[in-house]
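Data block below; observations after.
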Amino acid sequence: MLTTETNNRSVSAATGEYLVLGELLKRNVEAYLAHGETQKGWDVVVIDSSGAKRVQVKTIDWPRQLAVNGTLTEGFDYLVVVLLDRENPRSRFFIFSCDELGSFLSAPNESRAGGKRTLTMSRKSMSGHLSVYEDNWKAILQKPPVPPK
Numbered sequence: 020m021l022t023t024e025t026n027n028r029s030v031s032a033a034t035g036e037y038l039v040l041g042e043l044l045k046r047n048v049e050a051y052l053a054h055g056e057t058q059k060g061w062d063v064v065v066i067d068s069s070g071a072k073r074v075q076v077k078t079i080d081w082p083r084q085l086a087v088n089g090t091l092t093e094g095f096d097y098l099v100v101v102l103l104d105r106e107n108p109r110s111r112f113f114i115f116s117c118d119e120l121g122s123f124l125s126a127p128n129e130s131r132a133g134g135k136r137t138l139t140m141s142r143k144s145m146s147g148h149l150s151v152y153e154d155n156w157k158a159i160l161q162k163p164p165v166p167p168k
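Numbering (my numbering), first residue to last: 20 to 168.
Structure below.
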């Protein structure tokens, strides 16, 4: 039997994944949810002319929670952090490419299982250095440059 806390986390995670899928579909992007544990490291796949882009979705119940924890350095191409505010109708989205994420994460710590690291979503960081990543859907939508012939 699931505890209330585990159930709330599961509901939040599923809600975040569907919200991200909806935002991508709204932008005319071909996107699909990964179902179950079959795709380790990502939750949504975006298909475009350049191929498949793997999107990891991490959802926190904000502002009660500020920390995004997990294996945040591999297994995906983009991370979308969903701030699920149950008091307000609009959730907030922060979109990072895997390449630019490292500088915002806690330092690697060998005592944390599986190489887990933390991204802190405080009001100060979101209005400061993370503000350019809010609603940064273009990061996922942009096509890679076409090599010259």
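Just so you know, even glycine gets a beta-carbon here, dropped at the ideal spot from N, CA and C.
Since we're looking at a predicted model, the values are computed, not measured.
Test item: CB-CB of residue i and residue j under 8 angstroms
| i | j | result |
| --- | --- | --- |
| Ser31 | Asp80 | yes |
| Lys135 | Val100 | no |
| Glu42 | Phe112 | yes |
| Leu52 | Met140 | no |
| Leu138 | Cys117 | no |
| Ser110 | Leu120 | no |
| Val63 | Val87 | no |
| Val48 | Leu160 | yes |
| Gly94 | Gly60 | yes |
Buried or exposed (CB count within 10 angstroms, at least 16 for buried), residue i
| i | result |
| --- | --- |
| Ile66 | exposed |
| Gln75 | buried |
| Lys72 | buried |
| Val151 | exposed |
| Leu44 | exposed |
| Phe123 | buried |
Helix, strand or coil at residue i according to DSSP, with G and I counted as helix
| i | result |
| --- | --- |
| Val1 | In the structure as shown, the chain starts at 20 and stops at 168, and residue 1 therefore has no counterpart that could be examined. |
| Asp154 | coil |
| Asp67 | strand |
| Arg28 | helix |
| Ser116 | strand |
| Ala132 | helix |
| Gly121 | helix |
| Gln161 | coil |
Rounded distance between the beta-carbons of residue j and residue i, thought under 8 angstroms
| i | j | result |
| --- | --- | --- |
| Thr90 | Gly133 | 6 angstroms |
| Asp104 | Pro82 | 7 angstroms |
| Ala158 | Ile114 | 5 angstroms |
Bridge partners - residue i, DSSP secondary structure assignment
| i | result |
| --- | --- |
| Ile79 | Leu102 |
| Ala33 | Answer is none; Ala33 lacks a bridge partner. |
| Lys143 | None, per the DSSP bridge assignment. |
| Lys72 | Val65 |
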